[in-house]
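Data first, discussion second: the structure below is written as structure tokens.
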Amino acid sequence: MVQFTTIVAMVGVPMLVMASPLEKKATDATTTYTHTSMPSDFTRPTSGPLYDPLSGLTCLGIATHGGADWFTTTLCALLGANPAKVNASIHLDEGTYNNAESVTFSVHDLDGKANPVPVSFLNGGGAGIVNSGSSAWFAGGFRSAVVSTGGSGVVDGQLFQRVGSSDDKLVAAGEWGFKYLTGVDAEKEDVAKDGNNWDDWMDKAYKNPVIILTNDKTTAKGLEPNQYYTVYLTKNEDKTISLWQSTNPSDLLNVFIKVDSKELKENTRYLYHLKGWAAF
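When the letters of the sequence shown are read in order and numbered with mature numbering (1 follows the signal peptide of the UniProt record, and there is no 0), they come out as residues -19 to -1, 1 to 261.
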């Protein structure tokens, strides 16, 4: 993917920096809840940072929990390719980018129809599910917008979970994230059938959003079977491919998994990208 200007954070991890246009009026809202089993002064925040002001809109704000890796890895891939375009799908309604209370996230249904969905911090914020911590909730906002939109990627009010799912749905899920987040169809490449194109795919992944689904058995260190990964960087000096699967804010030195290109090919079942390698 395209490499952007980077800075080095105090923890020593390169972070992509992006200026935020999402500043509006400042708010600092909280809601007071009273309950017989809780102190009367219990408060729950109703606003928080949409994304970290240091790293901006990057994969560092996303986490994968509960088997929704088809969604999180696609969002990460899109951010790696063109964070400004992802940012264009976000409209701040109330608050500032570092203290957002309500935001409209523009997603699409699986027919490609645009669907702007207002999401409050209460429905999208907080650590867990798809947010890597309390310093960003844009991932949770997109998640809530997709859940509201419905379709095959939503089951019982939650994103489709690969755990315990049929193989057909697990494979199909790799295309859903692209359609929900861009409105453009995705294309699935069968590595066993068309693996002779692997080097070309990796070259194209430098500038295009790409995710992969691993085989049901994996041999590469750091890769788990039947899971999705973002192909994040394909032009490392040591000839490896950098993959992303989740961000642990307590372990930022190990955000990416480096795998030899040949070894990654041997461990990949399908590769997904926008249809016709459409620009993003």
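We put the CB at the ideal spot given by N, CA and C, even for glycine.
- prompt: Is there contact between the region 126 to 138 and the region 98 to 108, where contact requires at least three CB pairs shorter than 8 Å?
  reply: yes
- prompt: In chain order, what residues of the same chain have a beta carbon less than 6 Å from the beta carbon of K6, not counting five sequence neighbours either side?
  reply: Start at 1 with the first residue of the sequence shown, and residue 6 comes out as number 25. Low confidence applies here, because K6 scores a pLDDT of 37, under 50, leaving its location unreliable; read the following figure in that light. Excluding positions up to five away in sequence, the list is empty.
field: C-alpha distance - I(-13) paired with L233, whole-angstrom precision
entry: For the purposes of this step, residue -13 is taken as residue 7 along the sequence shown, with counting starting at 1. For the purposes of this step, residue 233 is taken as residue 252 along the sequence shown, with counting starting at 1. A caution first: I(-13) carries a pLDDT of 34, below 50, which makes its placement in the model too unreliable to give a value.
- request: Use the C-beta contact count for R124: other C-beta atoms within 10 angstroms, 16 or more gives buried, fewer gives exposed.
  value: For this step, residue 124 is matched to residue 143 along the sequence shown. Flag for R124 reads buried.
Which residues DSSP lists as bridging S83, in chain order: Translated into positions along the sequence shown, residue 83 becomes position 102. Paired residue(s): E75, S101.
query: When you compare only the Cα positions, how much space is there between G61 and C40?
result: Taking the first residue of the sequence shown as 1, we reach residue 61 at position 80. Taking the first residue of the sequence shown as 1, we reach residue 40 at position 59. So the alpha carbons of these two residues sit roughly 8 Å apart.
task: Measure the CB-CB distance between N217 and P206 and report whether it falls below 8 Å.
output: On the sequence shown, position 236 is the one that residue 217 refers to. On the sequence shown, position 225 is the one that residue 206 refers to. Taking 8 Å as the Cβ cut-off, N217 and P206 do not qualify as a contacting pair.
- prompt: Going straight from the alpha carbon of V67 to that of C57, what length do you get?
  reply: Numbered from 1 along the sequence shown, position 86 holds the residue referred to as residue 67. Numbered from 1 along the sequence shown, position 76 holds the residue referred to as residue 57. C-alpha separation (whole angstroms): 10 Å.
message: Starting from Y161, trace the alpha helix (DSSP H) in both directions and tell me its first and last residue.
response: Looking up residue 161 in the sequence shown gives position 180. 148 to 163 is the span of the alpha helix (DSSP H), which, as asked, contains Y161.
Beta-carbon contacts of D74 that lie in its chain and below 7 Å, excluding the five residues immediately before and after: For the purposes of this step, residue 74 is taken as residue 93 along the sequence shown, with counting starting at 1. Closer than 7 Å at the Cβ level, and outside the excluded window around D74, lie S83, V84, T85, P99.
message: What does DSSP give as the partner residue(s) for Q139 in the beta ladder?
response: For the purposes of this step, residue 139 is taken as residue 158 along the sequence shown, with counting starting at 1. In the DSSP output, where bridge partners are listed per residue, Q139 has V136.
- prompt: How many angstroms separate the CA atom of A186 from the CA atom of D90?
  reply: Walking along the sequence shown from the start, residue 186 turns up at place 205. Walking along the sequence shown from the start, residue 90 turns up at place 109. So the two alpha carbons sit approximately 25 Å from each other.
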